[in-house]
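Below is one structure, written out as structure tokens; comments come after it.
As structure tokens, this is what we get:
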């Protein structure tokens, strides 16, 4: 019972530590990682570590003490004969060392393949519509088969090494026992029958302990390989949160000064010397071709990435001087790729720090986002489970829930990154009315490809290759006949 308790406690604590650490890692880290491997660490690796620290450690301690006790007893009875056992020790050590290194490497390969299989399975489940529509079943089956086959091959190699190790070790011990028995008949002629029998009995008990120790060592090597990956992630530095300032005024005034930024492992500047002043309560729209730096600029405001050149000031204070919690309390975000959770409609709107809010406020946020009508048509209304990523809702409905969540937060700074992209024309009109209402009391940054949605913005910025090439109102920019006028003419000629 207590061994099981230790095992389950280790599993619980390691999984909790890993998950808690994941919540504190930067977006930059997650961008560089394979999600399947991160999930596999919590599921597969932790179980391997638990197996090593319970059964294997118990056997190691019990049989280790038994082996030491038997060797001490044999040395006390006849130390010259006991040297026979000590003579084979270097060979056993060499054998165990070689196998241990191989087991650790092979175990690491198995863990990586488990991560790959988890990732492929996750992609199949989440992308099942695309897989079926584009006939990707054979491709996905082949991908999974290759990874599973690799896992099988590595497991067989582990089986081969452990299977070969056992008879070699037994042969060495058997030779030592045969030599010991031969010499005992020669050297213990004067010993009493009791001493002679006691010596041989202790000597023949020793191989079992050695065998169990080696088997336990094999499991421990697998646990070490699993633990190394776990602790490697736990050693990853969490998001830098050195700020001490707590936001108090919450006006939503933004200032960018000579801001430049490039992504890790990239020499190209994603943003180049951005200078921009956004007054409290202003609506600023950002337009430009894909890859021009629009989303990158807005991702720096909540510090999803850290810049190294220039400054971003929020209400006169550089954002790195705020605590992360305080900074992000000032920002509400709606992105093109909506994230919803496998929970009720109500809990998806009142999520995280908004949890426990008044029901009336949640209902008002849903109403302002023009989501009330479709919510009331759901089977259980606000308490309807919407499935993973809100799979039971349409794209427009998911986007309206995300907007309702942002409205409920009531932050002084609102960032809308293609927030109306998934809406049909009628829904978009409703949302535009809702946004016009909520934009009055907060600073709003809107990224939009559809220029018709941002004509009433106070300031429109046109970005190209990480730089602001034009700025002004809709009418001013059209009159300039520059980059904005070309984008506008292109869109309306197409429509």
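In this note's numbering, the protein residues as written are 5 to 499.
All C-beta atoms, glycine included, are put in the ideal place defined by N, C-alpha and C.
Keep in mind that this is a model prediction, so the values were computed, not measured.
In the same chain as residue 106, and ignoring 5 residues on each side of it, the C-beta atoms closer than 7 Å to its own belong to 165, in chain order. Inter-segment contact for the region 264 to 274 and the region 236 to 244 is absent: fewer than three beta-carbon pairs are separated by less than 8 Å.
If you draw a straight line from the Cα of residue 410 to the Cα of residue 258, it is about 19 Å long. Judged by pairs of C-beta atoms under 8 Å, the region 36 to 48 does not touch the region 142 to 149, as fewer than three such pairs exist.
Following the DSSP letters along the chain, one finds residue 103 inside the alpha helix (DSSP H) bounded by residues 83 to 130. A check of alpha carbon separations from residue 327 across 341, 290 and 252 identifies 252 as the nearest.
In the DSSP assignment, residue 464 falls within the beta strand (DSSP E) that extends over 463 to 468. In the DSSP assignment, residue 39 falls within the unbroken alpha helix (DSSP H) covering 39 to 44. Assigned with DSSP and collapsed to three states, residue 214 falls in helix. DSSP places residue 303 outside any beta strand (DSSP E); the residue lies instead in the alpha helix (DSSP H), whose first and last residues are 298 to 304. In the three-state DSSP reduction, residue 336 falls in the strand class (E or B). Residue 62 carries a helical assignment under DSSP once its states are collapsed to helix, strand and coil.
Beta bridge pairing from DSSP links residue 321 with 318.
In the DSSP secondary-structure assignment, residue 260 is bridged to 280 and 316. Rounded to the nearest whole angstrom, the CA to CA distance from residue 112 to residue 230 is 7 Å. About 6 Å separates the beta carbon of residue 314 from that of residue 261, a gap short enough to meet the 8 Å contact definition. Taking a cut-off of 8 Å on C-beta distances, the region 208 to 228 touches the region 166 to 184, as three or more cross pairs fall below it. Taking each of 282, 263 and 303 in turn and checking the Cα distance to residue 256, the smallest one comes out for 282. Counting along the chain, the unbroken beta strand (DSSP E) around residue 289 starts and ends at 287 to 292. The residue among 378, 414 and 408 with its C-alpha nearest the C-alpha of residue 398 is 378. In terms of Cα proximity to residue 459, the closest of 492, 393 and 388 is 492. Collapsing the DSSP output to three states places residue 485 in coil.
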